[in-house]
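Enquirer:
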Amino acid sequence: MTQQKYNWPAMVRDILETAFLPQADMAVKLEVSQQSISNWLNHTRNPGAETIPAILKLAQDTGLDIDSYEPNSDFDGIATYMKKNKARELVRLFDLYGRMSKTDKQKFMNFARMMK
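Here it is, written out as structure tokens:
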């Protein structure tokens, strides 16, 4: 299982939010430091291979659909195109959207639909 297969920051954020779990408690459950949790959330590092199975199990136990955290090639392609073409505002929007938790993405899309 590769580290890049999932959007780790979004998955970890959703686990924390859904389970009402503080970072320190999640760190204890996964037997890592609280700084590791913070690094995953801030896109600084990805979880190590030894921690990935425990994160996936915790996500499933929390009721998350782990398949929804797999990379989206359409999204990645659009983001790459915009970066090359210097569409800075849209790049920023896509970057922010990509960093949102699943819950926040749903809220954002609901808000966008209301703005039509």
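Under the numbering used here, the first residue of the sequence shown carries the number 2, and numbering increases by one thereafter.
Note that beta-carbon positions come from the ideal geometry of N, C-alpha and C, so glycine has one too.
(1) In angstroms, rounded to a whole number, what distance separates the CA positions of ALA88 and TYR98?
(2) Considering only their Cβ atoms, is the gap separating ALA28 from ILE16 smaller than 7 angstroms?
(3) Quick one: what's got a C-beta closer than 8 angstroms to ASN8's C-beta in the same chain, skipping five residues either side?
(4) Which residue from LEU65, LYS30, GLU90, ASN40 puts its Cα closest to that of ALA55?
(5) Going straight from the alpha carbon of ARG46 to that of GLN107, what length do you get?
(6) Assuming the contact rule is C-beta atoms closer than 8 angstroms, VAL33 and THR52 should be a hit. Round their C-beta distance to whole Å, please.
(7) Check each candidate in ARG114, GLN61, VAL13 and name the one with the smallest Cα separation from ASN40.
(8) Beta carbon of GLN35, beta carbon of ALA20: below 7 angstroms?
(9) I'd like to check one pair, LYS85 with VAL92: are the Cβ atoms closer than 7 angstroms?
(10) Tell me the DSSP secondary structure of ALA20 in three-state form.
Expert: Inspection of the coordinates gives the following:
(1) As a working note, residue 88 is residue 87 in the sequence shown. As a working note, residue 98 is residue 97 in the sequence shown. Cα to Cα, the separation comes out at about 15 angstroms.
(2) For the purposes of this step, residue 16 is taken as the residue at position 15 of the sequence shown. For the purposes of this step, residue 28 is taken as the residue at position 27 of the sequence shown. Not in contact: ILE16 and ALA28 (Cβ atoms no closer than 7 angstroms).
(3) As a position in the sequence shown, residue 8 is number 7, starting the count at 1. Answer for ASN8: TYR70, GLU71, PRO72, GLY99, listed in chain order.
(4) Position 54 of the sequence shown holds residue 55. Ranking LEU65, LYS30, GLU90, ASN40 by Cα distance to ALA55 puts LYS30 first.
(5) The sequence position of residue 46 within the sequence shown is 45, counting from 1. The sequence position of residue 107 within the sequence shown is 106, counting from 1. Rounded to the nearest angstrom, the two C-alpha atoms are 25 angstroms apart.
(6) Mapped onto the sequence shown, residue 33 falls at position 32. Mapped onto the sequence shown, residue 52 falls at position 51. So it is a contact: roughly 6 angstroms between Cβ atoms.
(7) Working through the sequence shown from its first residue, we reach residue 40 at position 39. Selected option, being the one with the closest Cα: VAL13.
(8) Counted from its first residue, the sequence shown places residue 35 at position 34. Counted from its first residue, the sequence shown places residue 20 at position 19. Not closer than 7 angstroms, so no.
(9) Translated into the one-based positions of the sequence shown, residue 92 becomes position 91. Translated into the one-based positions of the sequence shown, residue 85 becomes position 84. Against a cut-off of 7 angstroms, the Cβ pair of LYS85 and VAL92 comes out as no contact.
(10) To locate residue 20, count along the sequence shown from 1; it is residue 19. The answer is coil: DSSP assigns ALA20 none of H, G, I, E or B.
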